[in-house]
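Enquirer: Next up is a structure, given as structure tokens.
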Amino acid sequence: MTGERPIGEDDLQAFVDGRLAPSRHEAVKIYLDAHPALAEQVKREIELREALRARLAFKAQEPVPSRLRIANILASQRRSPRFRPAAVAAAMTWLAIGAMLGAAGGIGWTSSVQRQDAETRVAGNAIAAHRIYVSERLHPVEVPAEQEAHLVQWLSRRVGKPLTAPNLNPQGYRLIGGRLLPDDGEAAALFMYENLGGTRLTLYARSGGSREQTSFRFESQGEVSAFSWIDKGLSYVVTARVDRAQLLPIAETIYKQLEAANDPAKSRL
Amino acid sequence: MDEIASLLEPQIPALRRYAWALLRDHEAADDLVQDTLERAISRWSQRRREGDLRAWLFTIQRNLFLNGVRQRKTRGTQVGEEALNDIQAPGASPESQAGLHDILVGLDVLSEEQRSLLLLVGVEDLSYEQAAQALGIPLGTVMSRLSRARARLRDFMEHGPSTVLRRVK
């Protein structure tokens, strides 16, 4: 053994991990034969290494949950605005225009007082529905989020246009389900979300009548804030017991997700 | 997209195992893995071509885990960065209450740095170089830390907590 590198703790660790080259492995073995106490420790460390692997093996053998499938993550990122700065900028501009016009009394956007009344009525109905159902502990929703596909399909059919339940997980709100509501003789859909603090948020959707698109409108009743808009012929109202500044980014997220979901060109990666 | 999926998906079982070993909660572990995959996808172009994908993914996941711990800590009492070395994995789960001889209880005795290293090398089969890259430490530190971690675990499994408490890290 003269002239060979002395055995070090790195050799012993690599021995435990079975990563030594055959010649070095032999050298460590000879060394351990001459040091029985150390050999006993090394043997024990190998056993513990195996025990830890065996203890954790089950986790890597579990079927991978579908939410971790790359295709599903990519799909939800496509819906999310985070990775599309151009779309975010466009939406921000649009919101700013809406806010300016809103401040100027909506001149140029609302061509008829009657239409504005209809929109106000929808927002009012949505806020009323929010107030009634978010306080419901036993039956806040008719169809729970576990049946999301069925829920969305069912509400889309009843409302008469394809709906999407936006993914608000990044904003801390988890979908808990939804229900069908009457609104001026029409069907309306209500999606309900909840965050960890128990704050509930609702997204109300119904046919938007003759209008194709409007800017964001803000409305508050007491502590409840609501943003409403019409896009692609659907009237949306997002409502929560938070202030305007907290609700605005959520409304923007929903708007962008719905726009991406409805625009096949944009939902391609 | 297919390239991303075909490279990332084979790594998911190992990422889930490491996440669960750190958190001992199935939902929280999958949340961490999902965050890791989202981060990896969004930074896909930034990964070094010659870099090691496995080491890169474990680096992202551990950093997200530490950020989570750091956030929880700063929301509570103010502590220094060194407190991160003394993170105790949750030891009160039903799995680890199975007994003193459950290896996971022994794992909880280690500092987070030791625990992560032991998991990445001993369970996830990262090479020492990959582990050094993932943990951002020199190769020599990997070997000495591994040696200390295994000695501490062995001590605990043989003699129980009293020995470990007397030991100065």
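Keeping their order, the protein sequence lines are chains A and B.
For the first sequence, the working numbering begins at 1 and goes up steadily by one.
For the second sequence, the working numbering begins at 1001 and goes up steadily by one.
For glycine and all other residues, C-beta sits at the position ideal for the given N, C-alpha and C.
For clarity, every value in this text was computed on a predicted model and none was experimentally measured.
Taking 8 Å as the threshold (C-beta atoms), are B:L1146 and B:L1117 in contact?
Expert: Start at 1 with the first residue of the second sequence, and residue 1117 of chain B comes out as number 117. Start at 1 with the first residue of the second sequence, and residue 1146 of chain B comes out as number 146. Cβ distance < 8 Å, so B:L1117 and B:L1146 count as in contact.
Enquirer: Is it buried or exposed, A:A129, if we count other Cβ atoms within 10 angstroms and call 16 or more buried?
Expert: Position 129 of the first sequence holds residue 129 of chain A. Its Cβ being crowded by 16 or more others within 10 Å, A:A129 is buried.
Enquirer: Name the residues in the segment 1006-1034 of chain B whose C-beta lies less than 7 Å from a C-beta of chain A; which are they?
Expert: L1008, E1009, I1012, P1013, A1014, R1016, R1017, W1020, A1021, D1030, V1033, Q1034
Enquirer: Pairs of beta-carbons, one from the segment 131-150 of chain A and one from the segment 243-255 of chain A, closer than 8 Å: are there three or more?
Expert: no
Enquirer: Under a Cβ-count criterion, where at least 16 other Cβ atoms within 10 Å of its own Cβ denotes burial, should B:N1067 be classed as buried or exposed?
Expert: Counting from one through the second sequence, the residue named residue 1067 of chain B turns up at place 67. Flag for B:N1067 reads exposed.
Enquirer: May I ask you to report which of helix, strand or coil DSSP gives B:G1068?
Expert: Within the second sequence, the letter at position 68 stands for residue 1068 of chain B. Of the three classes helix, strand and coil, the one that applies to B:G1068 here is helix, per DSSP.
Enquirer: Compute every distance between the C-beta of B:R1150 and the non-hydrogen atoms of the ligand PLP, then say whether any falls below 7 Å.
Expert: Of ligands this structure carries none, so the ligand PLP is not represented either.
Enquirer: May I ask you to report which of helix, strand or coil DSSP gives A:D183?
Expert: One-based indexing of the first sequence puts residue 183 of chain A at position 183. DSSP places A:D183 in strand when its eight states are reduced to three.
Enquirer: If you check the beta carbons only, do B:L1120 and B:F1058 fall under 8 Å apart?
Expert: Here residue 1120 of chain B corresponds to residue number 120 of the second sequence, with the count starting at 1. Here residue 1058 of chain B corresponds to residue number 58 of the second sequence, with the count starting at 1. Yes.
Enquirer: What is the C-beta distance between A:I250 and A:L201, in whole angstroms, given that I count them as a contact (C-beta under 8 Å)?
Expert: In the first sequence, counting from the first residue as 1, residue 250 of chain A sits at position 250. In the first sequence, counting from the first residue as 1, residue 201 of chain A sits at position 201. Indeed, because the Cβ distance is near 7 Å, the residues count as touching under 8 Å.
Enquirer: Express the C-alpha separation of A:L68 and A:H317 in angstroms, rounding to a whole number.
Expert: There is simply no residue 317 of chain A to check, as chain A begins at 1 and stops at 269 in what is shown.
Enquirer: Along chain B, which residues have their Cβ under 8 Å away from the Cβ of A:Q41?
Expert: Start at 1 with the first residue of the first sequence, and residue 41 of chain A comes out as number 41. For A:Q41, the residues of chain B that pass the 8 Å Cβ criterion are A1151, R1154, in the order they occur in the chain.
Enquirer: In the DSSP output, which residue or residues are listed as bridge partners for A:I230?
Expert: Here residue 230 of chain A refers to the residue found at position 230 of the first sequence. Looking at the DSSP assignment, A:I230 forms a beta bridge with A:S235.
Enquirer: Is the Cβ of B:G1068 closer than 8 Å to any Cβ of chain A?
Expert: Looking up residue 1068 of chain B in the second sequence gives position 68. Closer than 8 Å: no.
Enquirer: Please name the residues in the segment 54-65 of chain A whose beta-carbon is closer than 9 Å to at least one beta-carbon of chain B, in chain order.
Expert: A54, R55, L56, A57, F58, K59, A60, Q61, E62, V64, P65
Enquirer: Below 8 Å between beta carbons: does that hold for B:I1004 and B:I1060?
Expert: Numbered from its first residue, the second sequence carries residue 1004 of chain B at position 4. Numbered from its first residue, the second sequence carries residue 1060 of chain B at position 60. No, these two residues do not count as a Cβ contact at 8 Å.
Enquirer: Could you confirm whether any beta carbon from chain B is found closer than 8 Å to the beta carbon of A:Q77?
Expert: Position 77 of the first sequence holds residue 77 of chain A. Yes - at least one Cβ of chain B is within 8 Å of the one on A:Q77.
Enquirer: Where DSSP assigns a beta bridge to A:E321, which residues make up the other side?
Expert: The requested residue 321 of chain A is not part of the displayed model; chain A covers only 1 to 269.
Enquirer: Where does A:Y193 fall in DSSP's three states?
Expert: Against the first sequence, residue 193 of chain A aligns to sequence position 193. Three-state result, A:Y193: strand.
Enquirer: Please classify B:E1038 as buried or exposed, where buried requires at least 16 neighbouring CB atoms within 10 angstroms.
Expert: Position 38 of the second sequence, counted from the first residue, corresponds to residue 1038 of chain B. It is buried - the Cβ of B:E1038 has at least 16 other Cβ atoms within 10 Å.
Enquirer: For the alpha helix (DSSP H) that contains B:T1036, what are its first and last residues?
Expert: Indexing the second sequence from 1 puts residue 1036 of chain B at position 36. Element bounds for B:T1036: 1026-1042.
Enquirer: Starting from A:Y31 and walking both ways along the alpha helix (DSSP H), at which residues does that stretch end?
Expert: Working through the first sequence from its first residue, we reach residue 31 of chain A at position 31. Start and end: 22-34.
Enquirer: Excluding the 5 residues preceding and the 5 following A:I107 in the sequence, name in chain order all residues of the same chain whose CB lies nearer than 6 Å to its CB.
Expert: To locate residue 107 of chain A, count along the first sequence from 1; it is residue 107. The pLDDT assigned to A:I107 is 38, lower than 50, so where the model puts this residue is not dependable; a value taken from the coordinates is nonetheless given after this. No residues qualify anywhere along the chain.
Enquirer: What three-state label does DSSP hand A:Y204 in the structure shown?
Expert: Within the first sequence, residue 204 of chain A is the residue found at index 204, counting from 1. In this structure, A:Y204 counts as strand in the three-state DSSP scheme.
Enquirer: Does chain B have any CB closer than 8 Å to the CB of A:A51?
Expert: Position 51 of the first sequence, counted from the start, is the residue given in the question as residue 51 of chain A. For A:A51, the answer is yes, since a Cβ of chain B falls inside 8 Å of its Cβ.
Enquirer: Can you tell me which residues form a DSSP beta bridge with A:Q246?
Expert: Position 246 of the first sequence holds residue 246 of chain A. None, per the DSSP bridge assignment.
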